[in-house]
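Numbering (the numbering used here), first residue to last: 12 to 154. We treat Cβ as the ideally placed atom computed from N, Cα and C, and that holds for glycine. No experiment lies behind these values; they were computed from the predicted model shown. Worksheet: one structure, shown below.
This is the structure:
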């Protein structure tokens, strides 16, 4: 079967609609919008899930946008929109990483009984979080 010839289609894209979606999602997740207390609890307790979904959404937007092109004076606006979507994805992923670091800090704060058994992993976690290693107990057999 011969390869298919690429086809093109024209469509209208409203970059401000996507930017409004980004702004709304960020503001709601960061609780910068006026909202009922119960809704605040929702955004706080489901932050990781929301950020993960936003990262996936931004990835889908990026896939779509990177398969498109703009003509004439729309090229600069189109490139700016792609950068805004990439920035949104980075924001979501950085938020997820921050939550993971907080979870690791909590594990360390709870004490060594909750730490993994691998000393190299524990040392790497402490280094990543900027937490110094506790002093090793003194070895009574050494002078």
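Anticipated Cβ contact below 8 Å, residue 15 with residue 59, distance rounded: On the chain shown, position 4 is the one that residue 15 refers to. On the chain shown, position 48 is the one that residue 59 refers to. Separation of the CB atoms of residue 15 and residue 59 is rounded to 41 Å, and the pair is thereby denied contact status at 8 Å.
Reduced DSSP secondary structure (H/G/I, E/B, other) of residue 54: What you label residue 54 is simply residue 43 of the chain shown in a count that begins at 1. Note: residue 54 maps to helix in three-state DSSP.
Cα-Cα separation, residue 46 to residue 13: The count along the chain shown starts at 1 and reaches residue 46 at position 35. The count along the chain shown starts at 1 and reaches residue 13 at position 2. Approximately 57 Å, taken between the alpha carbons.
Nearest-angstrom beta carbon gap, residue 103 and residue 54 [assumed within contact, 8 Å]: The residue you call residue 54 lines up with position 43 of the chain shown. The residue you call residue 103 lines up with position 92 of the chain shown. Not confirmed; about 14 Å, so no contact.
Runs of beta strand (DSSP E) lying entirely within the region 12-92, each at least 3 residues, in chain order: Runs of the beta strand (DSSP E) lying entirely within the region 12-92 and spanning at least 3 residues: none are present.
Beta-carbon separation (whole angstroms), residue 99 vs residue 69, contact threshold 8 Å: Here residue 99 is taken as the residue at index 88 of the chain shown, counted from 1. Here residue 69 is taken as the residue at index 58 of the chain shown, counted from 1. Indeed they touch by this definition, with Cβ atoms about 5 Å apart.
8 Å contact criterion, which residue 74 and residue 96 should meet: CB distance rounded: Your numbering for residue 74 matches position 63 in the chain shown. Your numbering for residue 96 matches position 85 in the chain shown. The Cβ separation is near 10 Å, so there is no contact.
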